Each structure stands twice: as C-alpha cells, then as structure tokens.
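Step one of this worksheet: look at the structure below.
Chains as they are written, first to last, in my numbering: chain A, 1 to 219; chain B, 220 to 438.
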C-alpha cells in the first residue's frame, strides 16, 4: 500500500534527524580521537561513515521517489527538495569528521595537535557538537530561533578558527611546520561544520518562509 | 505562455553550462592573481562571485518551479533534480576561486606562494581549468568518456596536492610557517575543485544510467 504524502514527509524528516544523530556521534568521537590520540575511536569514526553515506544516498532516492509519486507543490515540494539538499550537507559533515579522525590516526601514538592547543580544540569540538545538536533541533522544530542559535555557534567556530590562525602564525610558535599544517587543516574542518549547519538552517527557513534561498556558505 | 517541458530542460541545461563558464573564468583569473600577485584580477574574481551566487540561486528556483509545474517523472525528474544538486557544486567552486583570490590579495604586493612553487601551482591551476572545461563538456554531451576524463584530471589534482604536502613538510622547507599555512590551504582549495567536478560528473552518469548515485566525495 502506498504511503500517504504526510507519512512520506514524516519519514523524510525522521531520516534527516536520524542521520544528524549519526553525524553528532561521529563529530563527538572524532574530537575524542583527536584530543586523546585514541586510534580505536578514530577507526570507529572512519568505519561508521559508510553508514552515513548509505543513508544519505537512500534518503536522496526516497526524496526523488516521493516527488515522482506524490507530485507535491508549493511548500510541500520545498520540504522534499530541501531534504535532498540537506542530505548533501549531512553527508559532507560525516566526511569532515572522518578527516579529523584520519589526522588523529596518522599521528598516533602522538597527538596531532600540540599540548598547548588541546583546550582550544576541545572548545572547537564543543561548538561543533553543539551546532550539530542545534541542527537536529531545527530539523525537528522548524523554529527560526534555533536557526539563529546556529548562526551564533557558527560565529564562535569562526572566532576560534581565526584565533588558531593567530597562534600558528605568531612568533612564539615553536612546534614546527608539520604541526602548523595539521592545525590549519583541522581548524578548517571544524569551521566547515559550522558552514554546513548554517546551510541546513537557512534551508529550513526557506521552507518555512518560502523566501528565495541565497546559498551563502562563503567561508 | 508556459514553456514546454523540453524547453525547460533545455534552459536548465544551458544555464548549468553558462554558470560553468563563469566558474571557468573565475578559476583562471584566480590562478592568475595567485601566480602574478595581481590584485586587480583578484578583485574581479571576488566581485564576480556575486553573479555566480545569484545565478545558481535562480537556477535552483527554476528547478523547483519546473518540478512543480511539469510533474516530471523517471529520468526527466532525475535530470531536473540533478541540476538542483549540481548548482550547489558550481556555487561552491565559485567560492573556492574566491578563497584563492583572497589569499593572493592578502599577501599583495608579495606573492602568496614562494617562487619555487610557482610552477607547481601553475600546474595545479592548469588541471583545475581543465577539469572545469571537462565539466562543461560533460554537461553539454552527457558522455561517459568525458566523466572518466574528469576522474583522471581529479587524480592529477590529488597527486599535485600530495606533492605540495611533501614539499612543505620536507626538511628543506625554508619559507617559514606562514607560507606553509598558505600553501596548505591553497592546495586544498584546488584539490576540492576536482572533488566537485567529479561529483557533477557522477550525477550526470546517474541521470544517464539511473543507477543509484553514491556521493563519494571523500577527499
């Protein structure tokens, strides 16, 4: 028996939230692997990305199927096609967690970051987790206030990203070029989490308001 | 009078190719600004990105409208929704060109890269241009052989990216931390061009074959 359109929409929404929870687990574990040079947890992040890729791919197929079978229009269509786009961002966030885990694995048993930056990266990990939690919330509630919270968390990530640049480029930096390169890339991966979360939040707003969505992921 | 669906599809395809040409111009100029420390050209890249953003946003709206009005199914629907996804990749490629141009502008009147790496970045710029040209070609022809050429160019970009890492991390590196950070990020921006081109090529294959698209932009 064919689903009602309401059932399809509900399933798509649930699946987006489910994948977001998997991404949250990945980013949490990726930060753990980085802060504690934990190779086992790094491997878990890398392995579990296969599931995130499969689920986003299946969700994409579902969105296309629902569009074909139910011929939604107006805000219903925007909801389904918004999900199609959000799936790409979630898939990409999973990849970013993998990049962090791979950096941790590469330097194991050493840490990929100098001891003096552990607190800064812990803070970055905190805001990355927070922004993924907020992403889950905005998907569940469609509340504009949550979208604004996401913009704030993104500002924090940008701020820490700039701070890390200042530290790496200061005359006091004495950890050499390799650590500088690692820190630069790791900081960028975290900062990109924020951009994708903002992109999802703006799409939610787009669905709610119908205003043209300007894709301003500019960092 | 409403367009026929064939006219809509043609317009969407033309618009994808038009935006790809603008991206090609941006990446060519971005490389120029980088290799010659040309601030004026860097500004052009940064300014013209507004147009790319506007056009991708308008294309997205057009895809949604066409889906709502024409209710396409099967491969027609995949074509329209594929375009929706490709627009995101093109918009992002424009952003990457801006990142390169901004790095060039930041270090002006100096070069953002050491003299000894100019040839390597010229080569990277060459393959980035080539892959955008090939992207235009795969959009125009839908030929699988072009999609394979894109995978090859992406391999070249990955190879140069790894080579740059080796240079930056070698004991002979004597350009300091700031140049190392600049080169690392610039190299990554170029490498990401390749990933987005591959993503577009795979979507074209998806549209042609109908096989489930696995979003494996993994770098």
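Backbone N, C-alpha and C define an ideal beta-carbon position, used for all residues, glycine too. All values derive from a computational prediction rather than experimental measurement.
May I ask you to report which of helix, strand or coil DSSP gives residue i?
i, result
"residue 208(A)", "helix"
"residue 229(B)", "helix"
"residue 391(B)", "coil"
"residue 362(B)", "coil"
"residue 346(B)", "helix"
"residue 223(B)", "coil"
"residue 290(B)", "coil"
"residue 19(A)", "helix"
"residue 329(B)", "coil"
"residue 257(B)", "coil"
"residue 203(A)", "helix"
"residue 54(A)", "helix"
"residue 215(A)", "Low confidence applies to residue 215(A): its pLDDT is 46, below 50, so where it sits in the model is not reliable enough to give any reading."
"residue 157(A)", "helix"
Taking residue i as the query, report the chain B residues whose CB atoms sit under 7 Å from its CB, ordered along the chain.
i, result
"residue 78(A)", "283"
For the putative contact between residue i and residue j, defined by C-beta atoms under 8 Å, what is the C-beta separation to the nearest angstrom?
i, j, result
"residue 177(A)", "residue 396(B)", "6 Å"
"residue 375(B)", "residue 88(A)", "Not confirmed; about 25 Å, so no contact."
"residue 112(A)", "residue 186(A)", "7 Å"
"residue 426(B)", "residue 329(B)", "In fact, because the Cβ distance is near 46 Å, the residues do not count as touching under 8 Å."
"residue 358(B)", "residue 235(B)", "5 Å"
"residue 105(A)", "residue 201(A)", "Incorrect: roughly 31 Å between the Cβ atoms, too far for contact."
"residue 231(B)", "residue 285(B)", "7 Å"
"residue 33(A)", "residue 101(A)", "5 Å"
"residue 154(A)", "residue 198(A)", "5 Å"
"residue 283(B)", "residue 35(A)", "No, residue 283(B) and residue 35(A) are not in contact; Cβ-Cβ is about 43 Å, not under 8 Å."
"residue 180(A)", "residue 322(B)", "At roughly 16 Å, the Cβ-Cβ gap does not stay under 8 Å, so residue 180(A) and residue 322(B) are not in contact."
"residue 290(B)", "residue 3(A)", "Not a contact, Cβ separation roughly 18 Å."
"residue 256(B)", "residue 77(A)", "Residue 256(B) to residue 77(A), Cβ: 48 Å. No contact."
"residue 498(B)", "residue 333(B)", "What is shown of chain B runs 220 to 438, which leaves residue 498(B) out entirely."
"residue 79(A)", "residue 9(A)", "6 Å"
"residue 108(A)", "residue 39(A)", "4 Å"
For a contact meaning CB atoms closer than 9 Å, what does residue i contact in chain A?
i, result
"residue 241(B)", "None at all; the shortest Cβ gap to chain A is about 15 Å."
"residue 175(B)", "Absent from the model: residue 175(B). The displayed extent of chain B is 220 to 438, so no value can be given."
Could you work out which residues of chain A lie near residue i, taking near to mean beta carbons separated by less than 8 Å?
i, result
"residue 235(B)", "Chain A residues near residue 235(B): none, gap ~15 Å exceeds 8 Å."
"residue 358(B)", "Near residue 358(B) there are no residues of chain A at all, since even the closest Cβ is about 18 Å away, more than 8 Å."
Exercise for the section: Taking a Cβ distance cut-off of 7 Å, strictly less, list which residues of the region 412-427 of chain B are near chain A, in chain order. Expected result: Under the 7 Å Cβ criterion, the region 412-427 of chain B contributes no residue.
Handout entry: Short-range partners of chain A found in the region 267-292 of chain B, where Cβ spacing is below 9 Å
Key = Only 268, 272, 273, 275, 276, 277, 279, 280, 282, 283, 286, 287, 288, 290, 291, 292 from the region 267-292 of chain B bring a Cβ to less than 9 Å from some Cβ of chain A.
Practice task
For the region 372-406 of chain B, enumerate the residues whose C-beta is nearer than 7 Å to any C-beta of chain A, in chain order.
Solution key: Answer in chain order: 387, 388, 392, 396, 397, 399, 400, 403, 404.
Problem - Three-pair Cβ contact test at 8 Å for the region 337-348 of chain B versus the region 267-274 of chain B - result: Taking a cut-off of 8 Å for Cβ pairs, the region 337-348 of chain B and the region 267-274 of chain B do not touch, as fewer than three such pairs fall below it.
Exercise for the section: Report yes or no: do three or more beta-carbon pairs, one from the region 138-157 of chain A and one from the region 102-119 of chain A, lie closer than 8 Å? Expected result: The region 138-157 of chain A is not in contact with the region 102-119 of chain A.
Practice task
Give a yes or no on contact between the region 307-321 of chain B and the region 239-252 of chain B, applying the rule of three or more CB pairs nearer than 8 Å.
Solution key: Yes, they touch.
Practice task
Name, going along the chain, the residues of the region 111-129 of chain A whose beta-carbon falls closer than 8 Å to a beta-carbon of chain B.
Solution key: Against chain B - using a Cβ distance shorter than 8 Å - the region 111-129 of chain A contributes no residues.
Handout entry: Near-chain A residues of the region 244-270 of chain B (beta-carbon distance less than 9 Å), N- to C-terminal order
Key = Going along the region 244-270 of chain B in chain order, one finds 268 with a Cβ nearer than 9 Å to chain A.
Exercise for the section: Tell me, please, whether the region 229-241 of chain B touches the region 344-358 of chain B by the rule of three or more beta-carbon pairs shorter than 8 Å. Expected result: Flag = yes, the region 229-241 of chain B and the region 344-358 of chain B touch.
Handout entry: the region 259-272 of chain B in contact with the region 378-387 of chain B per 3-pair CB rule at 8 Å
Key = In short, these stretches do not touch, since the Cβ pair count stays below three.
Exercise for the section: Check whether the region 364-381 of chain B touches the region 412-425 of chain B, counting contact only when three or more Cβ pairs, one atom from each stretch, lie closer than 8 Å. Expected result: Counting C-beta pairs with one atom in each stretch, the region 364-381 of chain B and the region 412-425 of chain B have three or more that are closer than 8 Å, which means they touch.
Handout entry: Near-chain A residues of the region 312-326 of chain B - C-beta to any C-beta below 7 Å
Key = Within the region 312-326 of chain B, the residues whose Cβ lies closer than 7 Å to some Cβ of chain A are 314, listed in chain order.
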